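A short worksheet on the structure shown next.
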Amino acid sequence: MTGYSTEVGEENARMIRESAGFLRAADRMATVRATRHQAPGITPQDWAVVAEMGWMGLRLSEERGGVGFGVTEFCALAEELGRGLLPEFVVSSIAIAPLLPDALLGPVLAGGHIVIPAWYEKLGEPDHVEAALAGDTITGTKRFIASAQAAHSFLVTTGQGAALVEATAPGLSLTTQALVDGGHFGELALTAAPATPVSGDVARAREEATLGIAAYLLGMAEACFAITRDYLTVREQFGRAIGSFQALQHRMVDAYLQIELARVSIAKAARIIDEGADDAEVARAVSRAKARASDMVLLVTREGVQMHGGMGYTDDCDVGLFLRKAMVVATAHGSAGWHRRRYARLADLRNSRLAA
Amino acid sequence: MTTDPMTTEHIARAAADAALTDEEFRLVVRDWIAETYMLERNLRIRPSFDYARPWYNALSARGFLAPGWPVEHGGSGLSIMKQVIIVEEQERFGCCRMNEMGVVMVGPLLIRYGTPEQQQFFLPKILSGEIRWCQGYSEPGAGSDLASLRTEAVRDGDEWVVNGQKIWTTRANDATWIFALLRTDKTVAKHAGISMFLMPMDSPGITVKGIRDLTGGEELCHTFFENVRVPHANLVGELNKGWAVNSSLLGLERVYVGLPKHSAHGLARLHDLMTLTGAWDDEAAVDRFTQFQLDLEDHIALYEAALEQVVRTGEYPANISLLKLSQTELYHRITEAMMDMGGEIAGLFDPLVEHDNLFLSNQFLLARPTTIYGGTSEVQRNILATRVLGLPK
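Right under this line is the structure:
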């Protein structure tokens with residue numbers, strides 16, 4: 001064990017969860033509904049809270065004006081964001097904040113400037129990069145950028161490192177695709193767009209963003225599961241609450257087990273990062289957690305719809321908000337299958353001698 | 357009279373073990389096992405008590421047999437974490453498993469509910485291996501619904517007369533005493549008329565008959581009671597409070613059933629099988645294996661998190677039985693994959709001697725009862741749904 005203290009991490013995480021309490025409010029889903037299919041995808045009120053709470057500085061050292069919290073606390077926050085369906089780009093934006101230059105930090109922390117990472121180029125290959133940084137311009141195409149219309153700048157990955165490109169830069173054109181959860185993906189076409197290279201460990205920031213998304217999925221699943229459980233206790237058929245039927249009880253326990261497995265998997269990955277694990281170990285743990293979370297959230301949200309019966313298929317029922325969000329976010333930073341394959345490759349399972 | 361093991365030396369060694377950090381203690385246990393273990397490693401079956409006796413005695417002499425018992429009763433008074441370390445290190449080394457009913461169940465039962473006479477008589481004999489226990493709980497008509505048990509004890513002066521039948525009394529054919537739940541009041545609600553008794557297996561009227569299981573083994577037994585006379589002094593705890601006495605005991609074994617050992621062993625053998633059949637070139641097979649590996653690692657995380665919580669709060673969380681579900685059902689899935697990937701060799705009656713004794717059919721069959729004993733998966737789900745998730749009964 002290193003000097004990292006679980007107790008301190010947990011106390012911080014408790015404070016973070018408290019600060020996100022508004023995301024558990026009864027009228028939260030009304031806000032989510034009102035934001036759907038509206039650019040830029042986040043309400044000014046929600047964004048103001050993100051800034052006011054200092055969440056953008058969560059992973060930033062205190063010397064640079066941040067809070068200096070670890071990945072454990074970051075995941076606690078991401079989980080709360082998922083619970084309240086605050087747009088998921090916020091998770092990635094928090095993860096990359098430590099990479100930003102000092103000049104940009106002031107406006108970012110104050111909430112006046114939003115930076116969204118642009119990692120993807122190729123369908124199903126989250127790591128594939130062809131975009132090129134030549135001098136101080138970038139040429140290439142970036143796709144599947146969640147809530148791209150909210151960005152003032154993009155952090156663009158290239159074969160020669162990452163760089164910042166302003167949303168209004170010449171040589172940049174943004175097109176969008178609507179998503180089933182009411183948000184949108186942006187596609188950036190960059191032709192010699194002016195860019196400012198950044199230093200820092202971009203790959204590690206992405207691992208952390210991926211883990212944060214896994215935590216976001218966990219929060220979503222917990223919220224959807226709670227709604228479903230409450231419904232099972234009040235909905236009556238055949239003269240009794242339907243939650244008394246074993247067929248449903250046992251499936252709820254199966255979903256609950258998957259939620260708990262995702263929780264400990266994410267917590268363990270966060271802990272080893274905070275304890276200073278090396279890149280290979282981090283990548284394996286993150287893939288493990290993300291594969292679990294992606295499969296789990298789709299199970300929990302599907303079951304939520306099924307257990308609500310016909311009501312679950314209506315747009316009025318909140319479980320549908322979670323199902324459609326899961327359909328979009330479960331594949332972010334790599335699907336469950338992609339992460340299992342990455343894990344198998346990294347762990348070299350074929351040649352590893354297992355302890356029996 | 358004090359119990360024999362309570363010597364100055366015993367007390368000093370227990371104190372020294374207690375003073376070590378968990379990390380230090382683990383290394384002490386690991387080294388001691390490596391130096392001391394004298395029997396065959398990685399036995400696939402639980403051996404007879406006579407075979408295991410040297411190891412039992414060695415553990416007892418070192419204070420590692422009953423590490424959780426208080427020092428004044430001959431134990432070492434060690435923390436839950438250190439008790440778990442002793443189990444984990446034995447699993448890691450491949451030490452043989454033994455009949456631990458006396459240490460895990462009866463000892464704590466008597467320490468908490470036994471009379472001073474019962475404690476002085478039984479506890480040293482458990483530590484010395486002179487008395488070995490079997491558990492008389494289930495009956496042909498009382499399995500998952502254990503509280504409907506009907507084996508009856510009727511009072512006759514200072515004695516009770518027992519008639520009826522127990523089933524699944526593991527190793528009754530190798531035990532010297534039985535601890536049993538018996539019906540002592542038929543006029544009240546089913547949970548309220550049950551008492552716990554201790555009986556020697558050589559009591560007139562007790563007969564045991566082995567039950568051949570699917571692997572061909574005979575560890576499980578029927579135990580029949582015909583006018584068996586038991587002194588009143590062999591009642592444990594209050595009359596008609598047997599159900600509560602038993603429920604309060606469920607503790608560490610709920611953590612032990614979550615030990616990842618079965619699944620880890622099964623997965624290692626699946627790895628061997630895939631090497632044997634060339635399945636590492638088959639993408640679908642590799643993805644399947646990877647899923648199991650991730651399931652195992654996440655299960656280990658679940659196990660560690662539960663243990664951490666037990667150690668920190670001193671209590672067993674309400675959802676502790678998730679560990680049993682998670683571990684046993686993963687073991688099932690792994691052995692099911694063995695049946696599929698094994699093809700024609702899946703159904704062989706004997707191990708493949710030339711392949712490190714790979715024994716697919718045995719693995720698959722041994723996995724079956726893990727989701728049945730100690731509360732079936734279905735009963736565990738009922739309990740979790742109502743007590744943890746708060747779903748209506």
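Heads up: the sequence lines are chains L and H, in that order. Under the working numbering, read the first sequence as residues 1 to 356, first letter to last. Under the working numbering, read the second sequence as residues 357 to 749, first letter to last. Every residue, glycine too, gets a C-beta built ideally from N, C-alpha and C. Computed from a predicted model, the values in this text were never measured in an experiment.
Return the CA-CA distance between Glu187(L) and Ser619(H), expressed in angstroms with no decimal places. Each residue's Cα considered, the two are about 45 Å apart.
What does the Cβ neighbour count give for Ala326(L), buried or exposed, with the cut at 16 atoms within 10 Å? buried
Is the CB of Ala291(L) under 7 Å away from at least one CB in chain H? yes
If you reduce the DSSP assignment to three classes, tell me which class Trp524(H) lands in. coil
For a contact meaning CB atoms closer than 8 Å, what does Arg229(L) contact in chain H? Ordered by position in chain H, the residues that pass the 8 Å Cβ test against Arg229(L) are Leu745, Gly746, Leu747.
In chain order, what residues of the same chain lie with their CB nearer than 8 Å to the CB of Leu217(L), ignoring the 5 residues before and after it? Gly82, Ala262, Ala293, Ser294, Met296, Val297, Ala326, Val329, Ala330
Taking only beta carbons into account, state which residues of the stretch 292-317 of chain L come closer than 8 Å to chain H, listed in chain order. Arg292
For Tyr4(L), decide whether its Cβ has a neighbour in chain H, counting only Cβ atoms nearer than 7 Å. Note that Tyr4(L) has pLDDT 46, beneath the 50 cutoff, so the model's placement of it is unreliable and the number below is only indicative. Taking Cβ atoms only, chain H never reaches closer than 7 Å to Tyr4(L), which makes this a no.
Short CB-CB distance (under 7 Å) between Leu650(H) and chain L: yes
Which residue wins for smallest C-alpha separation from His711(H), given the options Arg625(H), Ile739(H), Leu686(H), Thr669(H)? The shortest CA-to-CA distance from His711(H) to any of Arg625(H), Ile739(H), Leu686(H), Thr669(H) is the one to Arg625(H).
Inter-stretch contact at 8 Å, needing at least 3 Cβ pairs: the stretch 461-474 of chain H / the stretch 589-599 of chain H: yes
Comparing alpha-carbon positions, which option in Ala641(H), Ala372(H), Phe478(H) lies nearest Met555(H)? Phe478(H)
Where Thr691(H) sits in the DSSP three-state scheme: Helix, per DSSP.
Helix, strand or coil, according to DSSP, for Pro587(H) in the structure here? strand
Below 6 Å CB to CB, which residues in the same chain sit around Met695(H) once its five sequence neighbours on both sides are set aside? Ala702, Phe720
Have a look at His184(L) and Asp278(L) and give me their C-alpha separation to the nearest angstrom. 35 Å
Considering Val611(H), what are the terminal residues of the alpha helix (DSSP H) in which it resides? First-last of the alpha helix (DSSP H) with Val611(H): 608-612.
Chain L contacts from the stretch 676-690 of chain H (Cβ-Cβ distance under 8 Å): Leu678, Leu681, Ser682
Which same chain residues, not among the five before or five after Gly561(H), have their C-beta less than 7 Å away from its C-beta? Residues of the same chain with a CB within less than 7 Å of the CB of Gly561(H), apart from the 5 flanking positions on each side, are Phe581, Glu582, Asn583, Val584 in chain order.
On the three-state DSSP scale, how would you describe Met555(H)? strand
Rounded separation between Thr370(L) and Phe245(L) - CA only: Absent from the model: residue 370(L). The displayed extent of chain L is 1 to 356, so no value can be given.
First and last residue of the alpha helix (DSSP H) that includes Arg229(L)? Annotation for Arg229(L): the continuous alpha helix (DSSP H) segment containing it runs 202-234.
Taking one C-beta from the stretch 24-33 of chain L and one from the stretch 68-76 of chain L each time, how about it: are there three or more such pairs within less than 8 Å? no
Would a check of beta-carbon distances place Ser19(L) closer than 7 Å to chain A? In summary, chain A is missing from the structure at hand, where the protein chains are L and H.
Taking its Cβ as the centre, do 16 or more other Cβ atoms sit within 10 Å of Asp530(H), making it buried, or is it exposed? Classification of Asp530(H): buried, given that the 10 Å Cβ count is 16 or more.
Report back the beta-carbon spacing between Met457(H) and Cys490(H) to the nearest angstrom; my notes put them in contact at under 8 Å. 7 Å
Can you find a CB in chain L that lies within less than 7 Å of the CB of Arg737(H)? yes
Going along the chain, which residues of its own chain have a beta-carbon closer than 6 Å to the beta-carbon of Trp411(H), five neighbours each way excluded? Correct list, in chain order: Leu395.
Cβ closer than 7 Å: which chain L residues qualify as neighbours of Val613(H)? Correct list: empty, because the minimum Cβ distance to chain L is about 15 Å.
Sorted by chain position, which residues of the same chain lie with C-beta nearer than 7 Å to Glu10(L)'s C-beta, five sequence neighbours on each side aside? none
Could you spell out where the beta strand (DSSP E) holding Val564(H) opens and where it closes? Residues 562-567.
Could you tell me whether any Cβ in chain L is nearer than 7 Å to the Cβ of Ala693(H)? no
Could you spell out where the beta strand (DSSP E) holding Asp651(H) opens and where it closes? Where Asp651(H) is concerned, there is no enclosing beta strand (DSSP E), although the alpha helix (DSSP H) around it starts and stops at 639-669.
Of the listed residues Ala422(H), Phe645(H), Pro748(H), nearest to Gly239(L) (C-alpha basis): Pro748(H)
Between the C-alpha atoms of Asp416(H) and Leu85(L), what's the straight-line distance to the nearest angstrom? Here residue 416(H) is Ser; the residue named in the question, Asp, does not match the sequence. Distance between the alpha carbons of Ser416(H) and Leu85(L): 57 Å.
Could you list which residues in chain H have their beta carbon closer than 8 Å to that of Gly124(L), in chain order? Residues of chain H passing the Cβ test: none, with the nearest at roughly 15 Å.
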